[in-house]
Each structure stands twice: as structure tokens, then as C-alpha cells.
Amino acid sequence: MNFSANTKAILLLLLCAFFWGSCFPIGKHALNQVHALTLVFWRFSIAAICLAIYLKIINSAKPSLTFNQWAWVIIVSAVGVGGLNLGLFTGLEHTSAANGSLIMALSPLATSLISSVAKRSMPTAAQCFSLIVSLSGVLLVITNGDLAVLLNMQINAGDKMIFLGMLAWSSYTYFSQGINQYMPVLPYTFVSMLSGATIISLMCLVTANVHPLSELSNSSMVGIILRDPQK
Numbered sequence: 018m019n020f021s022a023n024t025k026a027i028l029l030l031l032l033c034a035f036f037w038g039s040c041f042p043i044g045k046h047a048l049n050q051v052h053a054l055t056l057v058f059w060r061f062s063i064a065a066i067c068l069a070i071y072l073k074i075i076n077s078a079k080p081s082l083t084f085n086q087w088a089w090v091i092i093v094s095a096v097g098v099g100g101l102n103l104g105l106f107t108g109l110e111h112t113s114a115a116n117g118s119l120i121m122a123l124s125p126l127a128t129s130l131i132s133s134v135a136k137r138s139m140p141t142a143a144q145c146f147s148l149i150v151s152l153s154g155v156l157l158v159i160t161n162g163d164l165a166v167l168l169n170m171q172i173n174a175g176d177k178m179i180f181l182g183m184l185a186w187s188s189y190t191y192f193s194q195g196i197n198q199y200m201p202v203l204p205y206t207f208v209s210m211l212s213g214a215t216i217i218s219l220m221c222l223v224t225a226n227v228h229p230l231s232e233l234s235n236s237s238m239v240g241i242i243l244r245d246p247q248k
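The number in this note's numbering is simply the position in the sequence shown, starting from 1, with 17 added.
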């Protein structure tokens with residue numbers, strides 16, 4: 018079956034939305050099994066290994082960048098990808114998946130504001146309208162049309178951590194536009210995962226109660242993927 022370029026793009030975006038949306042409830046339940054740092058460490062490590070194998074299979078050429086370009090790529094990756102996941106999964110330990118998804122839904126708005134500040138320009142009317150429509154749609158789905166859910170939402174420490182993670186991701190989204198001009202997407206994603214894994218590894222080493230290997234071996238794989246029926 019042959020698909021047009023637009024159809025493929027739509028299907029891939031839908032698939033991306035599915036995996037991204039699944040991150041919140043699955044991550045929330047996985048935190049019953051392992052520490053947030055352990056969860057992020059394995060998430061980055063597995064992603065980096067899979068991407069490294071794939072890049073090897075397709076014989077992807079190593080990007081030829083200057084020292085300053087490599088430094089910028091690593092910094093943006095570590096702050097954006099590492100900051101997002103650290104804030105998200107640390108925050109989910111103290112708040113609900115619904116709150117987390119609501120806060121992350123602000124990412125397009127934050128990205129647009131960051132772009133406006135960087136370019137010293139105001140968002141266009143079309144951008145504002147699109148942001149309002151998209152955010153309203155997310156709120157409608159998450160609250161199931163019940164305004165009381167939104168009105169009763171309480172901000173706690175976990176929400177603040179997720180908000181900081183959202184800002185880190187929005188910054189990463191904006192600055193990645195410039196990086197993609199001189200570095201292909203797949204190698205850039207690999208560097209992002211590797212940078213995130215390195216940062217989280219260092220944090221695991223200096224955190225006494227975090228032991229990625231033993232936590233993974235002692236956890237239930239069913240509990241990581243699905244809800245623990247006894248909780």
C-alpha cells in the first residue's frame with residue numbers, strides 16, 4: 018500500500034501523539050516501581066542504544082561540525098531533553114497525570130512566546146487563534162467537558178517541576194530549528210538522547226537512594242508497563 022507524503026506525515030504525527038500522550042499515565046504508574054531518575058536513565062539509555070544501532074545499519078555519516086556547533090548542540094540537548102524528562106517524571110511523583118498533561122499542553126504557547134521574545138516580534142493573529150483552539154481542545158478532552166475539574170486543579174511542587182520541564186522543552190523546540198540547518202534530525206536526536214543519558218547518569222551517581230540496575234532487576238515489568246492491580 019502506497020501512501021502520499023502528506024498521509025505519511027499525518028500518520029506519523031498521530032503515532033507521535035499516541036506515544037507522547039501515553040507517557041503520562043504509564044510514567045505515573047512506572048514511578049510506583051522505580052525512582053524518577055532511574056526511569057529517565059533507562060528511557061534515555063534504551064533510546065540512545067536503539068538509535069545508535071539504527072544509524073549504524075543505515076550507515077549514517079557523522080556530522081561535520083565546528084567545536085562551537087557541537088558545544089551548542091550538546092548544551093541545547095542536555096537542557097531541553099534532560100530538563101524536560103527530569104522535570105516531568107520528578108513532578109509526576111507528586112502530582113497527577115492529568116495535571117502533567119495539562120501543563121505540557123502549554124508547550125506550543127510557551128514556544129511561540131519564546132520565539133516572539135527572541136525575534137522581538139508579537140505573535141500573529143493566526144498564531145494566537147491556533148494556540149487558543151488547540152489549547153481549548155486539550156482542555157476539553159482532559160476535563161471531559163467538566164469545568165469543575167479545571168477550577169479545582171491545585172498547583173503543587175510536582176506541577177512546578179513539570180512546568181519547568183515544559184519550559185526546557187519549549188526552549189529546545191525553538192533552538193532546534195537552527196540546529197537542524199546544519200545537522201540531520203536522526204543524528205541530532207541521538208546526540209540529544211546521549212546527552213540526556215549522560216546528565217542523568219551523573220545525577221544518579223550523586224543521589225544515594227538511586228540504583229538503576231538493582232531497581233530495574235527488582236521491579237515488575239508488568240508494573241512498569243501496566244497499572245499494578247494491587248495499588
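For each residue, glycine too, the CB sits at the ideal point set by N, CA and C. The structure displayed is predicted, hence computed values, not measured ones.
For the candidate residues the options, whose alpha-carbon lies nearest to that of residue i?
| i | options | result |
| --- | --- | --- |
| Ser-187 | Ser-94, Gly-38, Ala-142, Cys-145 | Ser-94 |
| Leu-222 | Leu-54, Val-150, Ser-21 | Leu-54 |
| Leu-152 | Ile-74, Ala-142, Leu-123 | Leu-123 |
| Lys-79 | Ser-212, Val-208, Ala-225 | Val-208 |
| Ala-64 | Ser-193, Val-227, Met-210, Leu-101 | Met-210 |
| Pro-42 | Gly-97, Phe-84, Glu-110, Pro-125 | Glu-110 |
| Leu-82 | Leu-72, Asn-197, Ser-236 | Asn-197 |
| Gly-99 | Asn-173, Ser-62, Lys-73 | Ser-62 |
| Ser-193 | Val-96, His-46, Val-57 | Val-96 |
| Pro-119 | Ser-21, Trp-37, Asn-226 | The question names Pro, but residue 119 is Leu in the sequence shown. Among Ser-21, Trp-37, Asn-226, the Cα nearest to that of Leu-119 belongs to Trp-37. |
| Leu-126 | Tyr-199, Arg-60, Leu-184, Ala-26 | Leu-184 |
| Cys-40 | Ser-212, Asn-102, Ser-77 | Asn-102 |
| Val-57 | Ile-149, Ile-75, Gly-104, Ser-21 | Gly-104 |
| Gly-213 | Ser-236, Asn-226, Tyr-189 | Tyr-189 |
| Lys-45 | Thr-141, Gly-182, Ile-74, Phe-106 | Phe-106 |
| Gly-108 | Gly-182, Gly-195, Trp-59 | Gly-182 |
Give the secondary structure of residue i by DSSP, where H, G and I count as helix, E and B as strand, and everything else as coil.
| i | result |
| --- | --- |
| Glu-110 | coil |
| Arg-137 | coil |
| Tyr-205 | helix |
| Val-223 | helix |
| Lys-177 | helix |
| Ala-22 | helix |
| Ile-149 | helix |
| Lys-73 | helix |
| Leu-123 | coil |
| Gln-86 | helix |
| Met-210 | helix |
| Gln-198 | coil |
| Asn-235 | helix |
| Ser-187 | helix |
| Ser-118 | helix |
| Gly-240 | With a pLDDT of 48 at Gly-240, under the threshold of 50, the modelled position of that residue is not reliable, and the figure given next carries that caveat. Gly-240 falls in the helix class under three-state DSSP. |
Validate contact between the region 124-135 and the region 198-205 using beta carbons, cut 8 Å, 3 pairs: No, the region 124-135 is not in contact with the region 198-205.
Does the region 65-79 come close enough to the region 28-42 to have 3 or more Cβ pairs within less than 8 Å? Counting Cβ pairs under 8 Å, fewer than three are found: no touch.
Assess, as a yes-or-no matter, whether the region 50-59 is touched by the region 229-238 under the definition of 3 or more beta carbon pairs within less than 8 Å. In the pairwise beta carbon analysis, the region 229-238 is classified as touching the region 50-59: at least three pairs are separated by under 8 Å.
Would the region 216-229 count as touching the region 109-123 if we require 3 or more Cβ pairs under 8 Å? Result no; under three Cβ-Cβ pairs closer than 8 Å.
Runs of alpha helix (DSSP H) lying entirely within the region 27-55, each at least 4 residues, in chain order: Here no run is fully enclosed.
Indicate whether the contact test is met: 3 or more Cβ pairs, each with one atom in the region 175-182 and one in the region 79-89, closer than 8 Å. No, they do not touch.
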